[in-house]
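Quick note on numbering: UniProt numbering labels position 240 of the sequence shown as 240, and the sequence is numbered without any gaps. Using N, Cα and C, we set each Cβ at its ideal position, and we do this for glycine too. If you're wondering where the values come from, they're calculated on a predicted model, not measured in any experiment. The structure appears right after this line, and notes come after that.
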Amino acid sequence: MKRSRDDEGEVEEALHQLQGTLERGFEHKLRALDKVISLIDPSDDQYVIQRALVNGDAAFYVTELLADATAGAKAAEAVAAVCRHAAPSMARLATGPLVGLDSSVERVSLNPCQSDFVDSGAVAALVPMALQRSEAAREAAAEALAALCSFNQEGKLAYLEGLVQALTQQQQLEVRPTGGCSRRELPLVFAPVGAATLELLDALIDGMECGGEAAAQQLDLLLVPLLAELRAGRGRPASQAAVSLLGTLCERRPELAAELRAAGAVAGVAQHLLHGSQEVQDVAARALWLLAKDDKKCLAAEQGLLGCEASALARMLVQLIEVADAEEARQREEEDGGAGSGAEGDAPGGAAGVVGGPPAADICHAEEASALLKALAAAHPEVEQLVEEREVPIARHSSQKCCIQ
Numbered sequence: 001m002k003r004s005r006d007d008e009g010e011v012e013e014a015l016h017q018l019q020g021t022l023e024r025g026f027e028h029k030l031r032a033l034d035k036v037i038s039l040i041d042p043s044d045d046q047y048v049i050q051r052a053l054v055n056g057d058a059a060f061y062v063t064e065l066l067a068d069a070t071a072g073a074k075a076a077e078a079v080a081a082v083c084r085h086a087a088p089s090m091a092r093l094a095t096g097p098l099v100g101l102d103s104s105v106e107r108v109s110l111n112p113c114q115s116d117f118v119d120s121g122a123v124a125a126l127v128p129m130a131l132q133r134s135e136a137a138r139e140a141a142a143e144a145l146a147a148l149c150s151f152n153q154e155g156k157l158a159y160l161e162g163l164v165q166a167l168t169q170q171q172q173l174e175v176r177p178t179g180g181c182s183r184r185e186l187p188l189v190f191a192p193v194g195a196a197t198l199e200l201l202d203a204l205i206d207g208m209e210c211g212g213e214a215a216a217q218q219l220d221l222l223l224v225p226l227l228a229e230l231r232a233g234r235g236r237p238a239s240q241a242a243v244s245l246l247g248t249l250c251e252r253r254p255e256l257a258a259e260l261r262a263a264g265a266v267a268g269v270a271q272h273l274l275h276g277s278q279e280v281q282d283v284a285a286r287a288l289w290l291l292a293k294d295d296k297k298c299l300a301a302e303q304g305l306l307g308c309e310a311s312a313l314a315r316m317l318v319q320l321i322e323v324a325d326a327e328e329a330r331q332r333e334e335e336d337g338g339a340g341s342g343a344e345g346d347a348p349g350g351a352a353g354v355v356g357g358p359p360a361a362d363i364c365h366a367e368e369a370s371a372l373l374k375a376l377a378a379a380h381p382e383v384e385q386l387v388e389e390r391e392v393p394i395a396r397h398s399s400q401k402c403c404i405q
């Protein structure tokens, strides 16, 4: 698809308006950005207009406007519009790479302008906007970052770097050195961090390739502030996000689990499982299992890493599992047309009679809790006895889906 003369004139006008935004007022900036957005054809998988805009240095001018207090959100909308993949390409990706009876590979054309905006510094400018109080600014930044990072490892690495930098800037580190302590063993005092930064990091890391050197460097920088947040104790605003992020780190880059175990993360997560809110306890069960699954000896009493009685952890895990099993039983009863009385005595392990337990709909990680309980039972006879007494099914394959969408 070639540009028509009309298109060329429209692009030149849009570029001319953009070039004048650095000296002009708010209204001119908005008009220039609206012009750019209006030119984009979402169905064009040749990206004719986008290529022309980038060739005219649009990435530089739009990125400059991201830092503008009045036009930043509109500039983020422009970034999203220029960098999104075409609708036909996304449709092909949604249906899979094999199309037709002959299983031929369908061509998918991804947006070539993402790298220009990443190189211009757009991601670094969008990260602070994604953490602003303004909901409109956050939503615009989220759309732009999603467009820049879609099927683009370069964009994801830039986003990871920006979030790690934002996290370290939020925290004021006070180091009190003691003899014989390594850097990660130093007693650290951090100012409270916003859960939003940790949540964004969690979602990003969960969906990116973490095996490369560039990603490894950023994840290594993340460990110190994350460990400090865990050591700060339960009940902080970012507790749940910190525990969840630790689990995701262990899942996406398993080699980090050994370093986290050595730095005391096992005891930190265990405390959140024992004393956190119901949501924190749920994610802590997942995090502790992912932290321990490749070296279950860390759960043994002789290792001294749990920082609490294994039986106390086991009781919390049993409660999570029993309530989740009761919810599954209730769902099966509904699917069967309400068969059965639903009395408390019919629930697995008496789970329906658990008083004060978390609502079953909030338990997303019962499978991990079961695997962790099994590992604890293998290492601690008192836990094995508890499991036998409560008749807890520790080999389970739950059909319950996570409540977090």
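Is there contact here, the stretch 84–94 with the stretch 152–170, by at least three beta-carbon pairs under 8 Å?
Contact check between the stretch 84–94 and the stretch 152–170: fewer than three CB pairs, one atom from each, fall below 8 Å, which does not count as touching.
Is it the case that the stretch 70–81 contacts the stretch 108–115, given that we only count it when at least three CB pairs across the two stretches are under 8 Å?
The answer is no - the stretch 70–81 does not touch the stretch 108–115, with fewer than three Cβ pairs under 8 Å.
According to DSSP, is Gly276 part of a helix, a strand, or is it coil?
Position 276 of the sequence shown, counted from the start, is the residue given in the question as residue 276. Three-state DSSP puts Gly276 in coil, outside helix and strand.
Let me know if Lys374 comes out buried or exposed under the rule of 16 or more other beta-carbons within 10 Å of its beta-carbon.
Numbered from its first residue, the sequence shown carries residue 374 at position 374. The C-beta of Lys374 has 16 or more other C-beta atoms within 10 Å across all chains shown, which makes the residue buried.
Beta-carbon gap between Asp202 and Thr248 smaller than 8 Å
Position 202 of the sequence shown holds residue 202. Position 248 of the sequence shown holds residue 248. A contact, by the Cβ cut-off of 8 Å.
Inter-residue Cα distance where the pair is Ala287 and Val269:
Residue numbering aside, residue 287 sits at position 287 when the sequence shown is read from its first letter. Residue numbering aside, residue 269 sits at position 269 when the sequence shown is read from its first letter. The alpha-carbon atoms of Ala287 and Val269 are separated by roughly 7 Å.
Looking at Leu22 and Val36, is the spacing between their C-beta atoms short of 8 Å?
Looking up residue 36 in the sequence shown gives position 36. Looking up residue 22 in the sequence shown gives position 22. Between Val36 and Leu22, the CB-CB gap reaches or exceeds 8 Å.
What is the C-beta distance between Met316 and Leu290, in whole angstroms, given that I count them as a contact (C-beta under 8 Å)?
Translated into the one-based positions of the sequence shown, residue 316 becomes position 316. Translated into the one-based positions of the sequence shown, residue 290 becomes position 290. The Cβ separation is near 17 Å, so there is no contact.
Assigned exposure category for Phe117 - 16 Cβ within 10 Å defines buried
Walking along the sequence shown from the start, residue 117 turns up at place 117. So Phe117 counts as buried.
Nearest to Ala166 by alpha carbon, out of Gly211, Ala69, Leu221?
If you number the sequence shown from 1, residue 166 lands on position 166. Out of Gly211, Ala69, Leu221, Leu221 has the C-alpha closest to the C-alpha of Ala166.
Which value, in whole angstroms, describes the spacing of the CA atoms of Cys308 and Gln271?
As a working note, residue 308 is residue 308 in the sequence shown. As a working note, residue 271 is residue 271 in the sequence shown. For Cys308 and Gln271, the distance between alpha carbons rounds to 8 Å.
How long is the line joining the alpha carbons of Ala265 and Ala158, rounded to whole angstroms?
Taking the first residue of the sequence shown as 1, we reach residue 265 at position 265. Taking the first residue of the sequence shown as 1, we reach residue 158 at position 158. Their backbone Cα atoms lie some 27 Å apart in a straight line.
Of the choices Leu219, Leu226, Gln19, Lys29, whose alpha-carbon is the least far from that of Pro254?
Along the sequence shown, one-based indexing puts residue 254 at 254. Nearest C-alpha to Pro254 among Leu219, Leu226, Gln19, Lys29: Leu219.
Can you give me the start and stop residues for the alpha helix (DSSP H) that Ser244 sits inside?
Against the sequence shown, residue 244 aligns to sequence position 244. Start and end: 239–252.
Answer yes or no: do Glu199 and Ala141 have a C-beta to C-beta separation smaller than 8 Å?
If you number the sequence shown from 1, residue 199 lands on position 199. If you number the sequence shown from 1, residue 141 lands on position 141. One thing to note: Glu199 has its Cβ no nearer than 8 Å to the Cβ of Ala141.
Would Pro381 be called buried (16 or more neighbouring beta carbons within 10 Å of its own) or exposed?
The sequence position of residue 381 within the sequence shown is 381, counting from 1. Exposed, since its Cβ has fewer than 16 Cβ neighbours within 10 Å.
Return helix, strand or coil for Phe151, following the three-state DSSP convention.
Within the sequence shown, residue 151 is the residue found at index 151, counting from 1. Phe151 falls in the coil class under three-state DSSP.
Measure the C-alpha to C-alpha separation of Glu368 and Ala71 and round it to an integer number of angstroms.
Position 368 of the sequence shown holds residue 368. Position 71 of the sequence shown holds residue 71. Answer to the nearest angstrom: the Cα atoms are 46 Å apart.
Lys29 to Gln319 span [Cα, whole Å]:
Residue mapping note: residue 29 aligns to position 29 of the sequence shown, counting from 1. Residue mapping note: residue 319 aligns to position 319 of the sequence shown, counting from 1. Using only the alpha carbons, I get a separation of about 57 Å.
Does DSSP put Gly9 in a helix, in a strand, or in coil?
For the purposes of this step, residue 9 is identified with residue 9 of the sequence shown, where counting begins at 1. Assigned with DSSP and collapsed to three states, Gly9 falls in helix.
C-beta atoms of Thr63 and Ala125 nearer than 8 Å
Here residue 63 is taken as the residue at index 63 of the sequence shown, counted from 1. Here residue 125 is taken as the residue at index 125 of the sequence shown, counted from 1. Yes, Cβ-Cβ distance for Thr63 and Ala125 is below 8 Å.
Report all residues from its chain with a CB closer than 6 Å to the CB of Ala195; omit the five preceding and five following residues, and keep chain order.
In the sequence shown, counting from the first residue as 1, residue 195 sits at position 195. Excluding positions up to five away in sequence, the list reads Pro237, Ala238, Ala241.
Pull up the distance between the alpha-carbon of Glu13 and that of Arg31, whole angstroms please.
On the sequence shown, position 13 is the one that residue 13 refers to. On the sequence shown, position 31 is the one that residue 31 refers to. So the alpha carbons of these two residues sit roughly 11 Å apart.
Alpha carbon to alpha carbon, how far is Gly207 from Leu313?
Taking the first residue of the sequence shown as 1, we reach residue 207 at position 207. Taking the first residue of the sequence shown as 1, we reach residue 313 at position 313. CA-to-CA, the gap between Gly207 and Leu313 works out to about 30 Å.
Three-state class that DSSP yields for Cys298 in the structure shown:
The residue given as residue 298 occupies position 298 in the sequence shown. Three-state DSSP puts Cys298 in a helix.
Just mark Asp295 as buried or exposed, buried being the case when its beta carbon has 16 or more other beta carbons within 10 Å.
As a first step, residue 295 is located in the sequence shown; it is residue number 295 there, counting from the start. In the assembly as shown, Asp295 is an exposed residue. Its beta-carbon has fewer than 16 other beta-carbons within 10 Å.
Note the first and the last residue of the continuous alpha helix (DSSP H) segment covering Gln218.
Taking the sequence shown and counting its residues from 1, the one referred to as residue 218 is at position 218. Note, Gln218: alpha helix (DSSP H), 213–231.
Environment of Leu226 [buried if 16+ CB atoms lie within 10 Å]
Sequence index remark: in the sequence shown, residue 226 carries index 226 (1-based). Counting Cβ neighbours within 10 Å, Leu226 comes out buried, since at least 16 surround it.
Assumed close pair Ala147, Cys250 - CB separation to whole angstroms, cut-off 8 Å:
Reading the sequence shown from its first residue, position 147 is the one you call residue 147. Reading the sequence shown from its first residue, position 250 is the one you call residue 250. Beta-carbon to beta-carbon, Ala147 and Cys250 are separated by about 29 Å, too far to satisfy the 8 Å threshold.
Buried versus exposed call for Ala59 [16 or more other C-beta atoms within 10 Å across all chains shown]
Here residue 59 refers to the residue found at position 59 of the sequence shown. Taking every protein chain shown into account, the CB of Ala59 has 16 or more other CB atoms within 10 angstroms, so this residue is buried.
Closest to Glu322 by C-alpha separation, out of His365, Gln17, Gln170, Glu334, would be which residue?
Counting from 1 along the sequence shown, the entry for residue 322 is found at position 322. Checking every option, the nearest Cα to that of Glu322 belongs to His365.
Express the C-alpha separation of Asp34 and Met129 in angstroms, rounding to a whole number.
Within the sequence shown, numbered from 1, the residue matching residue 129 stands at position 129. Within the sequence shown, numbered from 1, the residue matching residue 34 stands at position 34. If you draw a straight line from the Cα of Met129 to the Cα of Asp34, it is about 19 Å long.
Indicate whether Leu245 and Leu204 have their beta-carbon atoms separated by less than 8 Å.
Along the sequence shown, one-based indexing puts residue 245 at 245. Along the sequence shown, one-based indexing puts residue 204 at 204. Contact annotation: Leu245 and Leu204 have beta-carbon atoms that are not nearer than 8 Å.
Taking 8 Å as the cut-off, decide whether the C-beta atoms of Arg231 and Val280 are in contact.
Here the question's residue 231 lines up with position 231 in the sequence shown. Here the question's residue 280 lines up with position 280 in the sequence shown. The answer is no: Cβ separation not under 8 Å.
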